[in-house]
Amino acid sequence: MPVLTYLWILPLLPLLGAAVNGIFGRSWNKSIVSAVSLSSTTLAFIAAVELVREFMALPADQIPWTRTYFPWISAGGFRADFALQVDQLTVVMLLVVTGVGWLIHIYSTGYMHDDPGYYRFFSYLNLFMFFMLLLVLAANYLVMFVGWEGVGLCSYLLIGFFFLKQSATNAGNKAFWVNRIGDFGFILGVLLIFRTFGTLDFATVLPKAAAMPAEPVGQSGVLTTIALLLFVGAAGKSAQLPLYVWLPDAMEGPTPVSALIHAATMVTAGVYMVARSHAIFLNAPFAMQVVAFVGCVTALFAATIGLVQTDIKKVLAYSTVSQLGYMFLACGVGAFSAGVFHLMTHAFFKGLLFLAAGSVIHAMGGEQDMRKMGGLRKKIPWTFWTMLMATLAIAGTPGFSGFFSKDEILLAAQRVNTPLWALGVLTAGLTSFYMFRLLFLTFFGAQRFDEHHVHVHESPRSMLMPLVVLAILAVGGGWMAAPLLWGKANYFAEFLSPIFVANQEAPAAAAESAGGAGLLQALLGAPVIAGLVGFFFAWWFYIRSPETPRKLAASLAALYKLLYGKYFIDELYAAAIVRPLVWISDNILWHVVDEGVIDGTVNGVARVSRESGDRLRQASTGNIRTYAAWILMGVVVFTSLLLWMVG
C-alpha cells in the first residue's frame, strides 16, 4: 500500500497509540504500555522512510504531492478541506519528527519507568506526535492551525505532568497563556490571508503572494501585515522576544519532554511556519527585517542569561531560545534553507543534550544543580562522551553538524546585515562558553556530592542507545553541506531549492563565488575563532582557575545579579501585566461586574418577584365579599376602557 496515497496513515498511527494507552493503559502493566507506544512510533518512522522513498521517485511536476480527503468546512464563500501534502520541506520535518521522536520514546521507557503516571505520559507523548505530524503535513493554514493548537495542548499537559507539584502546574499555565497571545496573532494572520486570497490552501496562496510586488519598507501593506501577524504566532510557539518566558519554566516537565517538545520539534514549529510562508515574507521586506532583528537579539539575550545559570536544564533551555533565534535570523535574511538546516541539526544535538542531561540527573538521583556535581566523566562515561559530541556540535566545532548550519546562517547574515552578523558571532562565542562551562562543571573537577547519599550509576541501555544514535547524527548530520566548503554543491540546500527562491539563498551564492577559498574562510572564520575563545575562557574559569568565576561574580555583582535574575523579565511582567490583571479581575470583573451587575440583576429580579408575590398573596384573604368587590371593580374599569375607546 503506497504511503503517498494514504498520507493520513502517518498521523493516525501515533493517534491510535495515544487513544489505546489513554483508554486502557491504567489497567495494563508498563511493558504493554511501552509496546503500544513504541510500536506506533516505530511504524510511523518506518512509514515516513517509505514515504520519502516513494517521494524521491516522483516526477517534478507532481510535487508538491497533495491529497484531499473530504471537505471539512464549507460556509458561504469559505471552504477548507482536510488535505495533506508532501514536498521537500515536509520530508525534512517528517524525518526529524518521527526519527527523533522515536528515539525519545525509547529513552522514556527507561527514564519514566518508576513513575506512577507511566501510561498517561506515553499517551500524551503519542498525542503530541500526532498533532506535530498533522502540522507539518497540512496542505492549508487551517489544518496547520489544528496541529499548531494541538501541540500547544500537549505541551500544556506534559509541562504540568507532575500536577501535584505547584511549580509544574504554574509552568503549564504560563506556557498555555503565553502561547495564546502568539496564537491570537496567528489567527488574525490566517483570517487576513483568506480575506486577501480567498483561500487558505498553500498551493494557491503562496504563488499568488510570490506574484505580488514587494512592498516598500516604509509602508505597511497587506503582505507586511500578514507576515507580522504570522510572526507573532511564531514568536510565541518558538519562544522569541518578548514571548520567550514560558520555555525556561517548561523545564518543570520530565526531561524527555524537554528533549522532544522544547528542543527538537514543537518549538521549531514557528520556524517551519515562517519557512512555509516564505513567499509572503519575501515580498514584505520590513517584516523580514523584524524577523532577523528579533531573532538575532533573542539569540544574544538568551545566551547572556545562560552564562550564569546553575540548573543544568535551565542552561539548555536558554540555549534553545538562543538557537531558535539563529533560525529566525536565517529566515529574516532570506536564507530559509539555512534556517531549516539548523532546525534539523539542532534537533540532533539539542535533543542529545537534553537526553544526556536527563541521564546525568538520573545518575545523580534527581539533582539538577551543576554546583553539586563534578567528576562524573569516569562514573558515567557513555553519558559523558555523547554529551561531549553534542557540546562540540552546538559550539560550532569544524566537522560537527552545528558548524555547517551555523556557518551558513552567519555567512548569509554577513552578506545582508553586518551588525546582525557581528552579534551572531558574539553569540557563537557565548554559546561555546556556557556549553563548555556546563560540561566542565558536570564532568570535570572535584566531586561536589556525597557518595554516601548519591549512588552515581550509568543509565540503562534503553536510555543510552538513543544517546549514541543522536551522537552519531550530531557529528555527521551536517555533512550534506560539506562540499560547499570546496566550492561544490550544498546538497541540503539543493534538495530544498524547489521550495525556496534560489536568488534569496545567500549562503549558496557566497560559497559558489568563493570556490575553494570557502574552506579556509570557514575553518579560520570569525565564528570558529569566537567558539575557540569561548572554550578557552570556560577552560580557564572552570578547570585552570576555578576560583576565578566566584571572584569575578563578586567584582561584577550588579551584572551577575542581573544575568542570574534573567534580567528580571518575569518580575517585570508580573508587576506590569499579571498583578494588574489579577487586581482588575478580583476588584472590577468579580466584585463589580459579576457580583454587582450580573448577580445583582439576577438577585434583584428574584427579590422583586418574591416581594410582589408576597403582596399579591396578602390579597388572597379567603373572604367572598372581598373577591366580589374586586370583580366588580374590574368590570367597572374594563367597561370604562371600552366606552373610552369607542367614544
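Under my numbering, the first residue of the sequence shown carries the number 285, and numbering increases by one thereafter. Backbone N, C-alpha and C define an ideal beta-carbon position, used for all residues, glycine too.
Exercise for the section: Could you tell me which of Leu-472, Thr-594, Gly-623 sits nearest to His-562, measuring between CA atoms? Expected result: Start at 1 with the first residue of the sequence shown, and residue 562 comes out as number 278. That would be Gly-623, whose Cα lies nearest to the Cα of His-562.
Practice task
Can you check DSSP and say which residues form a bridge with Arg-259?
Solution key: One cannot answer for residue 259 here, as it falls past the ends of the chain, which runs 285 to 931.
Handout entry: Supposed contact pair Phe-515 and Phe-362 - C-beta distance, whole angstroms, cut 8 Å
Key = Here residue 362 refers to the residue found at position 78 when the sequence shown is read from its first residue. Here residue 515 refers to the residue found at position 231 when the sequence shown is read from its first residue. No, Phe-362 and Phe-515 are not in contact; Cβ-Cβ is about 24 Å, not under 8 Å.
Problem - Counted within 10 angstroms of its Cβ, other Cβ atoms place Trp-928 as buried (16 or more) or exposed - result: Taking the sequence shown and counting its residues from 1, the one referred to as residue 928 is at position 644. It counts as exposed.
Practice task
Count the other CB atoms, across all protein chains shown, that sit within 10 Å of the CB of Ala-801; report buried if there are 16 or more and exposed otherwise.
Solution key: Stepping through the sequence shown from its first residue, residue 801 is reached at position 517. For Ala-801, the pLDDT reaches just 41, beneath the cut-off of 50, and the residue's location in the model is therefore unreliable, although a value from the coordinates is still provided. Residue environment: Ala-801 is assigned as exposed (fewer than 16 neighbouring CB atoms within 10 Å of its CB, all protein chains considered).
Practice task
With Asp-533 as the anchor, note down where its alpha helix (DSSP H) starts and where it stops.
Solution key: For the purposes of this step, residue 533 is taken as the residue at position 249 of the sequence shown. Start and end: 530 to 533.
Exercise for the section: Please look up how many angstroms separate the CB atoms of Ile-693 and Gly-686, rounded, as I've assumed it's under 8 Å. Expected result: Position 409 of the sequence shown, counting from 1, holds the residue named residue 693. Position 402 of the sequence shown, counting from 1, holds the residue named residue 686. With a Cβ gap of about 10 Å, Ile-693 and Gly-686 do not count as contacting.
Exercise for the section: Spatial neighbours of Leu-613 within its chain, please: CB distance less than 7 Å, with the 5 preceding and 5 following residues excluded, ordered by chain position. Expected result: Residue 613 sits at position 329 when you count from the first residue of the sequence shown. Once the five neighbours on either side are set aside, the close Cβ partners of Leu-613 are Ala-576, Gly-579, Cys-580, Ala-583, Ile-693, Ala-697, Leu-704, Gly-708.
Practice task
With distances taken Cα to Cα, identify the nearest neighbour of Leu-512 among Val-558, Thr-480, Val-551.
Solution key: Numbered from its first residue, the sequence shown carries residue 512 at position 228. Per the C-alpha coordinates, the member of Val-558, Thr-480, Val-551 positioned closest to Leu-512 is Val-558.
Handout entry: Own chain partners of Thr-352 with C-beta closer than 6 Å, once the 5 adjacent residues on each side are dropped
Key = The residue you call residue 352 lines up with position 68 of the sequence shown. For Thr-352, where only same-chain residues beyond five positions count, the Cβ hits under 6 Å are Asp-365, Ala-367.
Exercise for the section: Note the first and the last residue of the continuous alpha helix (DSSP H) segment covering Asp-854. Expected result: If you number the sequence shown from 1, residue 854 lands on position 570. In this chain, the alpha helix (DSSP H) harbouring Asp-854 covers 853 to 857.
Exercise for the section: Compute every distance between the C-beta of Pro-864 and the non-hydrogen atoms of the ligand NAP, then say whether any falls below 6 Å. Expected result: No copy of the ligand NAP appears in this structure; indeed no ligand is present at all.
Handout entry: Under the three-state DSSP convention, the category Asp-653 falls into
Key = Taking the first residue of the sequence shown as 1, we reach residue 653 at position 369. Asp-653: strand per DSSP, three-state reduction.
Exercise for the section: Round the Cβ separation of Val-304 and Thr-549 to the nearest angstrom and send it over; I've been treating them as touching at under 8 Å. Expected result: Here residue 304 refers to the residue found at position 20 of the sequence shown. Here residue 549 refers to the residue found at position 265 of the sequence shown. Their Cβ separation, rounded to whole angstroms, is 22 Å, which puts Val-304 and Thr-549 out of contact at 8 Å.
Handout entry: Selected residue, minimal CA-CA separation from Met-671, among Leu-725, Met-628, Leu-627, Ala-712
Key = In the sequence shown, the residue the question calls residue 671 occupies position 387. For Met-671, the nearest C-alpha among the options comes from Leu-725.
Problem - DSSP three-state assignment for Thr-483, whether helix, strand or coil - result: In the sequence shown, the residue the question calls residue 483 occupies position 199. Thr-483: coil per DSSP, three-state reduction.
Problem - Proximity to Leu-297 [Cα-Cα], best of Gly-306, Thr-289, Phe-329, Ser-311 - result: Along the sequence shown, one-based indexing puts residue 297 at 13. Ranking the options by Cα distance to Leu-297, first place goes to Phe-329.
Exercise for the section: For the segment 497 to 506 and the segment 395 to 412, state whether three or more C-beta atom pairs, one from each stretch, are separated by less than 8 Å. Expected result: Verdict: no, contact absent.
Exercise for the section: Look up Ala-793 in the DSSP assignment and say whether it is helix, strand or coil. Expected result: If you number the sequence shown from 1, residue 793 lands on position 509. Since pLDDT at Ala-793 reaches only 40, below the 50 mark, its modelled position is unreliable, and the value read off the structure follows with that caveat. Assigned with DSSP and collapsed to three states, Ala-793 falls in helix.
Handout entry: Residue range of the unbroken alpha helix (DSSP H) whose run includes Ile-510
Key = Here the question's residue 510 lines up with position 226 in the sequence shown. Start and end: 506 to 521.
Exercise for the section: Assign Asp-345 to one of two classes, buried (16 or more other C-beta atoms within 10 Å of its C-beta) or exposed (fewer than that). Expected result: Locating residue 345 in the sequence shown gives position 61, where the first residue counts as 1. That one is exposed.
Practice task
Return the CA-CA distance between Thr-289 and Glu-334, expressed in angstroms with no decimal places.
Solution key: If you number the sequence shown from 1, residue 289 lands on position 5. If you number the sequence shown from 1, residue 334 lands on position 50. If I take the Cα positions, the gap works out to 12 Å.
Handout entry: Beta-carbon contacts of Thr-629 that lie in its chain and below 6 Å, excluding the five residues immediately before and after
Key = Reading the sequence shown from its first residue, position 345 is the one you call residue 629. Around Thr-629, the same chain offers Ser-685, Gly-686, Ser-689, Gly-761, Gly-762 as residues with beta carbons nearer than 6 Å, after the five sequence neighbours per side are excluded.
Problem - Stretch pair the segment 524 to 535 + the segment 427 to 437: three plus CB contacts closer than 8 Å - result: Here the segment 524 to 535 makes no contact with the segment 427 to 437; the two share fewer than three CB pairs at distances below 8 Å.
Problem - Three-state secondary structure (DSSP) of Ala-369 - result: Taking the sequence shown and counting its residues from 1, one reaches residue 369 at position 85. One point to set straight first is that residue 369 is Gln, not Ala, in the sequence displayed. Three-state DSSP puts Gln-369 in a strand.
Problem - Residue burial classification, Ala-641 (beta-carbon count within 10 angstroms, cutoff 16) - result: As a first step, residue 641 is located in the sequence shown; it is residue number 357 there, counting from the start. Per the 10 Å Cβ criterion, buried.
Practice task
Evaluate the contact criterion for the segment 731 to 750 versus the segment 647 to 665: three or more CB pairs, one atom per stretch, below 8 Å.
Solution key: These segments touch.
Handout entry: Val-644 to Leu-387 span [Cα, whole Å]
Key = Walking along the sequence shown from the start, residue 644 turns up at place 360. Walking along the sequence shown from the start, residue 387 turns up at place 103. Approximately 18 Å, taken between the alpha carbons.
Problem - Range of the contiguous alpha helix (DSSP H) that encloses Asn-305 - result: Walking along the sequence shown from the start, residue 305 turns up at place 21. Residue range 293 to 308 is occupied by the alpha helix (DSSP H) that includes Asn-305.
Handout entry: Alpha-carbon spacing of Trp-874 relative to Val-862, whole angstroms
Key = Walking along the sequence shown from the start, residue 874 turns up at place 590. Walking along the sequence shown from the start, residue 862 turns up at place 578. Between Trp-874 and Val-862, the C-alpha separation is close to 16 Å.
Handout entry: Strand pairing of Ala-422, partner residues [DSSP]
Key = Reading the sequence shown from its first residue, position 138 is the one you call residue 422. Looking at the DSSP assignment, Ala-422 forms a beta bridge with Leu-368.
Practice task
Could you tell me if Phe-565 is buried or exposed, where buried requires 16 or more neighbouring beta carbons within 10 angstroms of its beta carbon?
Solution key: Counted from its first residue, the sequence shown places residue 565 at position 281. Phe-565 comes out buried.
Exercise for the section: Compute the distance between the beta-carbons of Phe-938 and Thr-508, then report whether it is under 7 Å. Expected result: Since the first residue shown for the chain is 285 and the last is 931, residue 938 is missing from the structure and cannot be characterised.
Practice task
Measure the CB-CB distance between Ala-423 and Gln-372 and report whether it falls below 7 Å.
Solution key: Along the sequence shown, read from residue 1 onward, the residue named residue 423 stands at position 139. Along the sequence shown, read from residue 1 onward, the residue named residue 372 stands at position 88. Gln-372 sits away from Ala-423, with the two beta carbons spaced by 7 Å or more.
Practice task
Output yes or no for whether 7 Å exceeds the beta carbon distance between Ala-534 and Ile-390.
Solution key: Stepping through the sequence shown from its first residue, residue 534 is reached at position 250. Stepping through the sequence shown from its first residue, residue 390 is reached at position 106. Cβ atoms of Ala-534 and Ile-390: not closer than 7 Å.
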